[in-house]
Amino acid sequence: MNSSPRFGARHLMKLLIFFLFAVPPLSDAGGGTGEKFVMRLGENWEISGGLPESAMLISLQGVANIGEPRLYFRYPPKWDYTFCDPLLAYYRSSRGMQFRELATPGEALDSLSRYVKGYVVWDRSVRTSLIVAFTAAGIHQAVVLTEEQIPLAERHGLRMVEDFRGTFKGWSDARIYEWAYAKYWPQCNKNFLVYMGGESGNLMKPGIADFGIHHVCFFTDASTNPRDTLEYAFAARLFGELKPFSIVIGWHSYAKDVEAQHVTLASHFGLRVEGLHTLPNMSFNHQIPLSPGFRFRNTHNVREGKSYIPEKKVYIACIQTDCLGLGAWTKPGRGEIPYAWEVTMNWSWLAPAMLQYFYDMATPNDYFLGALSGPGYMYPKAIPAALLPSVVDTAYALMKTLDLNVFEIMDHASYWSSGGIDDDLPKSIVDTYFARMPDILGIVNGYRPAHTFAVYGGKPFISYDYYLGEKRDEAEAAADLVELSNLNPARPYYLLLHVREWTDIKRVRRILDRLGSGFEVVPLDVFLTMAGKNPTFQTRFGALPR
Amino acid sequence: MKSPVCMLLLFIVLFSGSLNSGHAQDAGPGCEGTWRFVQAGSTDIVTWGNTLPQVDISAAEGKVRVLHELLDRGSVAFADTFEFSPGRGEVTSVARSEIWPENWFMGVLSGAGDPRSVSGHWLEPEKSFRVVTRQTVRTSQGKTAVTTTRDYTLGPGGKTLTLSEKRSSRPSPVVLLFERKEPSH
């Protein structure tokens with residue numbers, strides 16, 4: 073990125089002091105004792121379709137869950153996160169929760185409007201007015217409505233607290249957000265910023281909005297593309313005014329910028345990105361504590377004192393990235409082959425019972441690793457050098473809590489300026505991670521294949537050699553792996569395979585079954601242990617960012 | 010398309026310096042021209058982002074020039090050129106980019122700064138030719154040599170072009186189908 077925001081010495085000092093005190097607790101201790109409700113949300117998320125109803129319900133959830141968790145949604149089957157129903161069943165079985173089913177918005181308001189203090193009307197003709205309405209809803213403890221829904225709200229005794237009809241007509245997003253900033257920012261939570269991005273145009277999927285409303289967050293989808301000078305400056309200002317080490321929760325707008333720009337800018341300010349905008353039920357989940365006495369236990373495969381001597385083979389370790397709960401976890405095949413799963417470490421305090429669900433459901437072949445680059449999604453090349461040690465320390469503390477001994481880094485700070493080939497890290501950064509994570513087995517790196525490889529005292533730093541996309545033809549994917557084995561002729565050859573989250577394990581297994589006996593899939597921790605002791609890759613580091 | 014290429018093609022068309030002139034005048038148009046990728050009928054490929062391949066073939070002064078481009082919504086995201094004199098041995102140049110355009114999903118980089126040799130010859134005049142490149146690639150275990158044999162074959166009526174690409178490292182060929190891109194008026 074060409075234009076890096078300047079970092080003031082005072083801000084840097086504030087950040088350093090903040091890091092000393094690490095992660096603030098967010099949730100209360102209980103899961104609530106009052107009545108709980110569950111409701112299905114529809115498939116249609118278009119402004120001209122089902123979005124107004126779903127947006128109203130999600131805002132109701134954010135407000136109704138203040139104090140204790142009361143309302144849980146079953147998102148549709150095609151939603152990004154596929155664990156809503158299994159997690160609901162888990163809450164029922166492990167926590168003894170009982171839920172009353174709600175069928176209509178009217179029923180939802182019948183049961184929960186007593187927690188609501190009013191309504192905010194957004195303007196169907198100005199999409200961004202809904203994003204601002206979410207901010208206003210948090211401040212007023214209100215629900216968001218279109219004008220067609222006003223009679224329903226009035227019938228439930230609710231009164232209008234804001235009306236955006238016509239307010240923003242013809243305005244740019246930059247102007248709308250400046251208006252919202254002037255009106256709401258002083259009252260908003262400075263520990264979280266909600267990025268209500270993702271889809272654009274007629275579509276919006278505001279799964280995270282309940283959490284943002286619940287915590288009185290500011291909502292935006294301001295562009296972090298430096299070419300969008302006004303919105304970029306606005307985003308940088310917000311980032312700079314958040315408390316140090318805050319969470320940017322949600323996701324960037326696919327129509328305005330790219331993920332790499334978004335995470336790079338957040339990392340410049342030492343902020344942690346926590347995706348996605350569709351993350352469901354977080355106002356509920358964050359209030360459910362761990363079971364009494366529960367401790368996170370990973371399924372370690374490496375036994376102390378045992379030697380792991382590799383044969384003359386190609387060893388493959390599979391990692392699914394892009395957040396637990398997206399894609400394959402609930403799909404067929406889990407447990408059939410060794411598989412490593414990137415853990416969204418902040419869920420340990422953002423949604424502890426939700427993370428416990430994944431640990432409780434893990435099979436012996438499911439191995440967890442810490443991610444991503446820091447205590448949240450960050451790019452180390454974009455993090456100010458003075459902050460990186462504290463970032464690594466905080467991530468390491470989370471790894472200890474979660475019983476993780478492999479860490480993963482991804483850095484696309486230089487990615488888009490390199491034709492999509494620079495996922496690499498300079499030695500100074502890799503040194504910092506190894507120095508401050510003394511008990512780890514190793515570090516993996518990349519998203520697409522990357523090219524940084526090293527060994528530190530028998531512990532490897534290995535980049536992905538293959539990215540298995542969900543649409544890749546299976547025969548061609550197998551040919552890719554054979555070709556890689558031919559291009560890397562020394563044995564053992566350590567082939568780290570990134571599986572795109574939408575690829576289910578049955579499919580991965582079919583591809584791997586096409587390979588010959590010279591290939592073996594092993595657990596990630598075994599893979600790293602062998603690679604650290606018997607490396608065949610060449611040491612290589614990336615360049616410092618330009 | 011870059012303007013020098015346009016000028017070259019225009020020159021070829023106008024002044025009959027083309028590959029097909031004087032050889033197979035009744036066989037329809039030859040290989041020259043710009044060829045647009047046809048996904049259906051091609052091997053599944055993986056390029057960076059939304060890029061799609063395009064091939065431009067031209068000839069002048071006894072040399073054949075094959076321009077491979079990756080287009081992202083019409084803009085050239087990557088370009089690579091093979092130029093050879095049919096049947097006259099290898100021409101060696103230096104690879105300039107680290108990008109290995111063959112497969113974005115594999116941990117392979119082009120050996121930037123390393124020599125790359127190109128040779129080519131006709132398999133069937135005006136209808137089919139072969140280009141052989143030898144180059145260095147870099148993988149996690151270091152540098153290794155790859156020989157790629159590309160056969161370009163004109164389809165019936167000169168409307169399609171099939172590129173069969175065989176890499177010494179790969180167990181199966183990659184077959185790409187292209188259709189002729191008609192000049193816009």
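These protein sequence lines are chains A and B, in that order. Per this note's numbering, the first sequence starts with residue 73, numbered consecutively. Per this note's numbering, the second sequence starts with residue 10, numbered consecutively. By construction, the Cβ of each residue, glycine as well, lies at the ideal position given by its N, Cα and C atoms.
- Under the DSSP definition of a beta bridge, residue 153 of chain B partners with B/146.
- Minimum Cα-Cα distance from residue 436 of chain A among the listed residues A/499, A/471 and A/369 corresponds to A/369.
- Interface residue (Cβ-Cβ distance to chain B less than 8 Å): residue 539 of chain A is classified as such.
- Here the alpha carbons of residue 115 of chain B and residue 571 of chain A stand approximately 13 Å from one another.
- The DSSP assignment places complete alpha helix (DSSP H) segments of no fewer than 4 residues inside the region 235-281 of chain A at 245-256, in order along the chain.
- Contact residues of the region 150-173 of chain B toward chain A are 150, 151, 153 and 155 (C-beta to C-beta distance below 8 Å).
- Non-local beta-carbon contacts of residue 302 of chain A in its own chain, meaning distances under 7 Å to residues more than five positions away in sequence, involve 246 in chain order.
- About 4 Å separates the beta carbons of residue 454 of chain A and residue 339 of chain A, which is inside the 8 Å limit, making them a contact pair.
- Chain-order list of chain A residues neighbouring residue 108 of chain B: 491 and 493, by C-beta distance under 7 Å.
- When C-beta atoms of the region 356-367 of chain A are compared with those of the region 417-427 of chain A, three or more pairs fall below 8 Å, so the two segments count as touching.
- A direct Cα-Cα distance of roughly 12 Å separates residue 64 of chain B from residue 47 of chain B.
- For the set A/198, A/193, A/200 and A/433, the Cα lying nearest the Cα of residue 212 of chain A is the one of A/193.
- Your pair residue 322 of chain A and residue 266 of chain A checks out as a contact, with CB atoms roughly 5 Å apart and the cut at 8 Å.
- Fully contained in the region 121-194 of chain A are the following beta strand (DSSP E) runs of length 3 or more, in chain order: 143-146, 171-174 and 191-193.
- For residue 474 of chain A, there is no enclosing beta strand (DSSP E), as DSSP marks it with neither H nor E.
- Within the region 107-141 of chain B, the residues whose Cβ lies closer than 8 Å to any Cβ of chain A are, in chain order, 107, 108, 112, 113, 114, 115, 116, 117 and 118.
- When CB distances to chain B are screened at a threshold of 9 Å, the residues of the region 521-534 of chain A falling below it are 521, 522, 523, 525 and 534, in chain order.
- Beta-bridge annotation (DSSP): residue 126 of chain B is paired with B/101 and B/143.
- When DSSP reads this structure, residue 498 of chain A sits in no beta bridge, so it has no partner.
- The continuous beta strand (DSSP E) containing residue 389 of chain A extends over residues 386-392.
- Here residue 296 of chain A really is in contact with residue 329 of chain A; their C-beta atoms are around 5 Å apart, less than 8 Å.
- Residue 518 of chain A sits buried, since 16 or more C-beta atoms from the chains shown fall within 10 Å of its C-beta.
- Pairing residue 182 of chain B with residue 433 of chain A, the inter-Cα distance amounts to about 42 Å.
- When A/551, A/566, A/586 and A/563 are compared, the shortest CA-CA separation from residue 177 of chain B is found for A/551.
- Beyond the five residues adjoining it in sequence on each side, residue 137 of chain A comes within less than 8 Å, by CB distance, of 143, 282, 286, 355, 356 and 359 in the same chain, given in chain order.
- The region 256-272 of chain A makes no contact with the region 168-178 of chain A: fewer than 3 CB pairs, one atom from each, lie closer than 8 Å.
- A Cβ-Cβ separation of about 5 Å places residue 203 of chain A in contact with residue 268 of chain A under the 8 Å criterion.
- Closest option to residue 143 of chain B, judged by alpha-carbon separation, among B/170, B/179 and B/101: B/101.
- Residue 301 of chain A: member of the alpha helix (DSSP H) spanning 301-313, first to last residue.
- For residue 444 of chain A and residue 84 of chain B, the gap between their C-alpha atoms comes out near 33 Å.
- Of all residues in the region 592-613 of chain A, only 608, 609, 610 and 612 come within less than 9 Å of chain B when Cβ atoms are compared, listed by chain position.
- By the rule that beta-carbons nearer than 8 Å mark a contact, residue 62 of chain B does not touch chain A.
- Within chain A, the residues placing a beta-carbon under 7 Å from that of residue 146 of chain B are 559, ordered along the chain.
- Within the model, the alpha-carbon separation for residue 607 of chain A versus residue 542 of chain A is close to 30 Å.
- In this structure, A/343 is the residue among A/332, A/343 and A/305 with its C-alpha nearest to the C-alpha of residue 316 of chain A.
- The way I'd put it, the region 143-157 of chain A does touch the region 105-122 of chain A; three or more beta-carbon pairs between them come closer than 8 Å.
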